[in-house]
Every structure is written in structure tokens, then in C-alpha cells.
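Since the structure comes first, as C-alpha cells, the remarks are kept for the end.
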Amino acid sequence: MVRARTNPYRLVQRAQLILWAAQGMTNTEMASSLRLTRGQVRLWRTRWENAAQKFEQGESEGISDENLLTQIISMLSDQPRRGNPGKFSLEEIVQIIAVACEIPVTSGRPVSHWTPRELADEVIKRKIVPEISPRSVGRFLKSSNVATTSKSLLVKCKSWRSKSV
């Protein structure tokens, strides 16, 4: 894994760290050589020590080399991060997209087609959401494949309405 040319750099770096730890290198030496903090070295050594018993058990049970390698790569990979929870519920997003399917003039908007700014103002006015940026509106429309240009939006909305009737 350390010598392979196609593995991600961090994965190779962590594998090298494990090899050096087995050779007795100190955390400070490894941190300096790999340009990591001692805390990062400690984290990966601890993760390896916790997982090593599982790997040994799998090896004694006859797990294939391919499965063992997959488990090792998984252990040396970053854990998924939580991130911030979404600010808008699915229901609110659906309502925003539904407003985008309406003709702006029916809402008293003096425009021929929705812009993210106009749409954001309208959904706030209708109290669908207390606040929303035009950028968020644009992301919702993009992820739902709804365009804000009048022709393509109306075509999509009309076809959607005819399917739901």
C-alpha cells in the first residue's frame, strides 16, 4: 500500500505511520517526518491498536487478503463527518419548488420569470420559511432540475401538473 502509486496521499501516509510504529519510531519522529502533529500520530496509532485485534481475528478465521485489505483501508480512511444539520425541512423545500412552478405575475411579481432573489422574497412573504438566501433557493432549484427561465420552467411545471391531475 505504501509503495502503490495510485493510493490517496493520506492513506499512504497513515500506512507509513503504522509501519514506522511497528519498527519502534516515536510519535515525535513520525510527526516530524510525515508533517503531522503528535496528536494526529497518536490518533492513528490508537485506531490501529484498537483495530489490530479484529484484523488478527479475521486473519485466523481465514478472511481473504482482499477483504482484509478492504478493512485496513477502511480503518485508515477518514470517518464520515456529521456536518451541520439542514436548515430547511423537505416539506419547505418542496413548497419552494412548487412556488417556482407558479407564474410570478399571479403572485403580484412584476417579472416574467422567477429569479432566485424574487423567489426568496416570495417564500418569505408567504411565510414558508422565516428567512432564506437567493443562493439557497438556487441550490434547491438546481438540485431539483427546475430552471428559473420562463419557458423551461413553465414546460416542466405544465408537464408536472398534467401528470398529477
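Going letter by letter, the sequence shown gives residues 12 to 176 in my numbering. Every residue, glycine too, gets a C-beta built ideally from N, C-alpha and C. This structure is a prediction, so every number in the text was calculated from the model and none was measured.
8 Å Cβ cutoff met for residue i and residue j
| i | j | result |
| --- | --- | --- |
| Pro115 | Glu103 | no |
| Leu22 | Leu87 | yes |
| Ile108 | Ile139 | no |
| Val110 | Glu133 | yes |
Residue burial classification, residue i (beta-carbon count within 10 angstroms, cutoff 16)
| i | result |
| --- | --- |
| Pro80 | It is worth fixing the name first, because residue 80 is Leu in this sequence and not Pro. Exposed is the call here. |
| Gln34 | exposed |
| Glu67 | exposed |
| Leu30 | exposed |
| Pro127 | buried |
Inter-residue Cα distance where the pair is residue i and residue j
| i | j | result |
| --- | --- | --- |
| Cys112 | Gly94 | 31 Å |
| Asn78 | Ser118 | 59 Å |
| Gly97 | Trp125 | 24 Å |
| Arg56 | Leu101 | 41 Å |
| Ala62 | Ile84 | 11 Å |
| Val166 | Arg49 | Bear in mind that a pLDDT of 49 at Val166, under 50, signals an unreliable position, so the number given afterwards is only what the model happens to contain. Near 59 Å, if we compare the C-alpha coordinates of Arg49 and Val166. |
| Asn64 | Glu70 | It is Gln, not Asn, that sits at residue 64 in the sequence shown. For Gln64 and Glu70, the distance between alpha carbons rounds to 10 Å. |
| Met36 | Gln90 | 25 Å |
| Ser75 | Arg150 | 44 Å |
| Leu152 | Arg92 | 26 Å |
| Glu60 | Tyr20 | 21 Å |
| Ile135 | Pro141 | 6 Å |
Residues of its chain near residue i, where Cβ-Cβ distance is below 8 Å and the 5 sequence neighbours each way are ignored
| i | result |
| --- | --- |
| Ser131 | Reading off the sequence shown, one finds Ala at residue 131, where the question assumed Ser. If we look at Ala131 and ignore the five residues flanking it on each side, its Cβ neighbours are Ile143, Ser144, Pro145, Ser147 and Val148. |
| Leu45 | Gln24, Gln27, Leu28 and Val52 |
| Ala179 | Nothing can be reported for residue 179: it is not among the residues displayed for the chain, which extend from 12 to 176. |
| Arg120 | Glu129 and Glu133 |
| Asn38 | Arg49, Val52, Arg53 and Arg56 |
| Glu40 | Trp31 |
Close-in-space but distant-in-sequence residues of the same chain around residue i (CB under 6 Å, 5 per side omitted)
| i | result |
| --- | --- |
| Ala32 | Arg56 |
| Gln82 | none |
Close Cβ partners of residue i (< 7 Å) along its chain, the five nearest in sequence each way excluded
| i | result |
| --- | --- |
| Ser155 | Ile108 |
| Gly73 | none |
| Arg58 | Met86 |
* To do: Could you pull out every unbroken alpha helix (DSSP H) segment of at least 4 residues lying fully inside the stretch 33–113, listed in chain order?
  => Correct list: 38–45, 49–71, 76–87 and 101–111.
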